[in-house]
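Here's the structure we're looking at; comments come further down.
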Amino acid sequence: MVYRYGEYHDGPDPLAPPYDVRAALDEMGDAILSGSTPIHALRDLLKRGLPGAQDRRGLDDMLREVRRRRRELRERGRLDGTLDRARSLLDKAIGQERAELFPDPSDDARLREASLDALPDDTASAIQELNSYEWRSAAARRTFEELRDLLRREVLDSQFKGMRDALANPDPAAMERIRQMMSDLNDMLDRDARGEHTQADFDSFMSRYGDMFPEKPRTLDELVDALARRAAATQRMLASLTPRQREELANLINQTLDQAGLSEQMRRLGDSLYARRPDLAWGTPERLTGEDPMGMGDAVSALEELADLTQLEAALRQDYPGARLDDIDEAAIRRALGRSAVDDLEALKRIERELEEQGYLLRRRGKLELTPKAVRRLGETALRRVFSSLDAGRRGDHDQRDAGSAGELTGSSRAWRFGDEQPIDVVRTLVNGIRRGDTAARRTVSPARAPVQRGDGPGGHPRVAAASPRVRLSVDDFEVSETERRSAAAVCLLVDLSYSMALRGTWAAAKQTALALQALVASKFPQDAVQIVGFSNYARVLQPDELAGLDWDMVQGTNLHHALLIAGRHLDRHPDFEPVVLVVTDGEPTAHLMRNGRSAFEWPPSPETLELTLAEVDKMTRRRATINVFMLAADDRLKEFVDEVARRNGGRVFSPSADRLGEYVVSDFLRQRRSR
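When the sequence shown is numbered by our numbering, its final residue is 778 and no position is left out of the sequence of numbers.
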């Protein structure tokens, strides 16, 4: 067979290591263990950003930048700059004309002065009347032409971004090209409404008029989006002015478009844009507080950017039902915050995507849930944190990652099971695949029909061609290396689920401890049988997969009696295992299980509750099970009770702080395993 090697071009590198999202899951784990749901923990992570992830910003950082940019835009200037500039040029032209007329004693000069005196106060009406005025002053004529050029540039720039520069030195040919562009654009939109538009039509349009659109749209939809956002911003600018300013500026716009021969085409375009994007904030006023007057084009650009930032702020907050990062418009991010922000957003999207694709999170019916793989990871992280806080002198009680964590290699192997972390036995795995492949080949190719190679086999018989050199593996082929087994233990961890655990701030520590112990037994003592029992008014067995998302019970009662009953049944199912019983609680027993199976609560604890609970303690003693109690409160009644448990059973009592609970429990478990 011939092999060729070269650079890989088709898609992402297939040999690249998978994206490491374990740090992101660990960050989420702290919030989840404190009672947050996975979806809220993920949202908080995306808002903060992942520490150390190439200094990538989180959503909150982007949100602060968006809000800062909005404040800057609002303080940039006033919206009536074009109107002020038009009034100033108009007054200048009239003043220049009066200066030319004043020395002239003729009646014509006096009549002209009278017509200037009779001009209306409204700027648009005054300009309209002066359009037909015969200027005596050449300077005044030039000023008035400057005014008309200003209005033409600003009005067109308010509709088509960048048009102001294109009309800096207008000529009849340039205006005719603009009129033709408007006509072709409206015709193209009409064809698209009828379903007759093609991408080739758009490409042809852009080849002729692409210099008029600095946004460089690639499709008609992108062009419509850019034009609609600007047209809506123009309407918002008009709505933001006083009624008199709005009327004057609207009249100036209409006059300018009429004189340029664009009034009808602009009306058609406005109707089409509104019909396609009615969701934009057309006509919604904005308040700008700056002092410097802005031209119409600059004002429209500012309002267009403000609208973008307003929508972007809502998307970045992610505080609405079903919010996802895909809701955030990358184009809006690029316009507002630059290219680096797009990279930051993509990094956050990848975290969210990889957590699901790599099997840590499962989206089910709109809810986000932790998978068993994620729970194991949280347990391993909790265990690493516990070991990192152990005293330096306790050598040997560290996270063991190699193949002998449960003993030395025995040379034997067993079938791989989901969740196994032992090393793959590569040789036996391949042998299984080859055997299965040979069996399949014998079932599908009979010797009579097998391909014959040139040359004779032993005894002159033809040789059957060898099977393909490829070995196809299935899940059933995999085997893991086994290690020598140590003495097994039946481990019972009883965790208080009562509401007082949450009130005292010890609930997250209790869950983290349970996960750490589960991970320790699974990795270092896989032969042990561990059972975690949660108890409040009733007790129940907790599966490893539900530990991370477990919440406290808002009920009355600390039913240690029921928890010890369940733990006793677990020990009885493993009579040859060494019994280990660990109790984590912050209160004395206040409930017990009655004969009818119902829970009886009473506080202060009734004598019956204490008697039944201590009776179960005595049964544990007869099973040779030592009960070690980890007391998370300093109540006198709780101290008295646990001292009585220690006296009857011979176990020990610990009073760790919440942040050292995991260290105490894991250390005590390891001490018992070593002593056994």
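Built from N, CA and C at the ideal position, the CB exists for glycine as well.
What are the boundary residues of the alpha helix (DSSP H) that includes residue i?
i	result
Met283	274-295
Glu358	First, the amino acid is wrong: residue 358 is Thr here, not Glu. Start and end: 345-362.
Ala417	398-419
Arg172	161-176
Ser227	225-232
Ile430	Ile430 -> no alpha helix (DSSP H), and no H or E assigned at all.
Thr336	322-342
Pro140	140-150
Ser442	441-459
Asn751	738-751
Ser365	365-378
Thr715	709-724
Asp209	209-219
His663	662-674
Gln301	301-311
Tell me which same chain residues have a C-beta within less than 7 Å of the C-beta of residue i, skipping the five on either side of it?
i	result
Phe580	Trp518, Ile526, Thr531
Gln658	Asn639, Phe703
Pro319	Leu325, Ala328
Val582	Ser515, Arg516, Trp518, Asp522, Gln524, Pro525, Ile526, Asp527
If you draw a straight line from the C-alpha of residue i to the C-alpha of residue j, how long is it?
i	j	result
Asp446	Arg145	15 Å
Arg73	Val683	There is no way to answer for residue 73, as the model of the chain reaches only from 103 to 778.
Leu375	Arg158	37 Å
Arg250	Leu359	11 Å
Pro681	Thr660	23 Å
Gly160	Leu463	20 Å
Asp323	Val257	24 Å
Leu191	Pro205	23 Å
Arg675	Leu622	22 Å
Pro707	Glu713	10 Å
Leu405	Ala335	5 Å
Pro316	Val104	52 Å
Tyr311	Met284	10 Å
Arg255	Gln337	17 Å
Gln633	Cys594	5 Å
Pro691	Gly670	17 Å
Thr391	Leu203	42 Å
Asp429	Arg378	20 Å
Ser701	Arg466	34 Å
Tyr235	Ala195	12 Å
Glu393	Ser442	32 Å
Arg176	Asp182	14 Å
Ala143	Leu127	9 Å
Using DSSP bridges, identify the partner residues of residue i.
i	result
Phe637	Asp598, Ala641
Lys469	Arg466
Leu695	Ser701
Gln684	The sequence shown places Leu at residue 684, not Gln. Beta-bridge pairing links Leu684 to Leu595, Asn730.
Arg516	Val582
Val632	Val593
Ile526	Val582
Phe756	Phe732
Ordered along the chain, which non-local residues of its own chain (more than five positions away) have a Cβ less than 8 Å from that of residue i?
i	result
Leu667	Ala641, Leu695, Glu718
Asn288	Gln367, Arg370, Leu371, Ser374
Arg348	Leu340, Ala341
Phe304	Met290, Thr321, Leu322, Leu325
Val123	Ile453, Glu456, Leu457, Gln460, Tyr462
Which stretch, first to last residue, makes up the beta strand (DSSP E) that contains residue i?
i	result
Val81	Since the first residue shown for the chain is 103 and the last is 778, residue 81 is missing from the structure and cannot be characterised.
Spatial neighbours of residue i within its chain, please: CB distance less than 6 Å, with the 5 preceding and 5 following residues excluded, ordered by chain position.
i	result
Val597	Ala612, Ala616, Gly636, Val686
Arg172	Leu411
Ala449	Arg158
Arg551	Note that Arg551 has pLDDT 45, beneath the 50 cutoff, so the model's placement of it is unreliable and no number is given.
Gly753	Thr728, Ile729, Asn730
Asp186	Pro395
Pro222	Ala228
Legend entry - the segment 272-292 in contact with the segment 227-243 per 3-pair CB rule at 8 Å: Two segments are said to touch when three or more pairs of C-beta atoms, one from each, lie closer than 8 Å; by this definition the segment 272-292 does not touch the segment 227-243.
Legend entry - Three or more C-beta pairs below 8 Å linking the segment 391-401 and the segment 413-426: Taking 8 Å as the limit for Cβ pairs, the verdict is that the segment 413-426 does not touch the segment 391-401.
Inset, instruction - Could you say if the segment 702-718 and the segment 661-678 meet the contact criterion of at least three C-beta pairs nearer than 8 Å? - result: Touching, yes.
Inset, instruction - Flag this pair as touching only if the segment 381-388 and the segment 333-353 have three or more C-beta atom pairs under 8 Å; answer yes or no. - result: The segment 381-388 vs the segment 333-353: in contact.
Legend entry - Three CB pairs or more closer than 8 Å across the segment 438-455 and the segment 164-183: Yes, the segment 438-455 touches the segment 164-183.
Inset, instruction - Indicate whether the contact test is met: 3 or more Cβ pairs, each with one atom in the segment 189-207 and one in the segment 239-247, closer than 8 Å. - result: In short, these stretches touch, since the Cβ pair count reaches three.
Inset, instruction - Examine the Cβ distances between the segment 289-302 and the segment 426-433 and report whether three or more of them are shorter than 8 Å. - result: Below 8 Å, too few C-beta pairs join the segment 289-302 and the segment 426-433 to call them touching: fewer than three.
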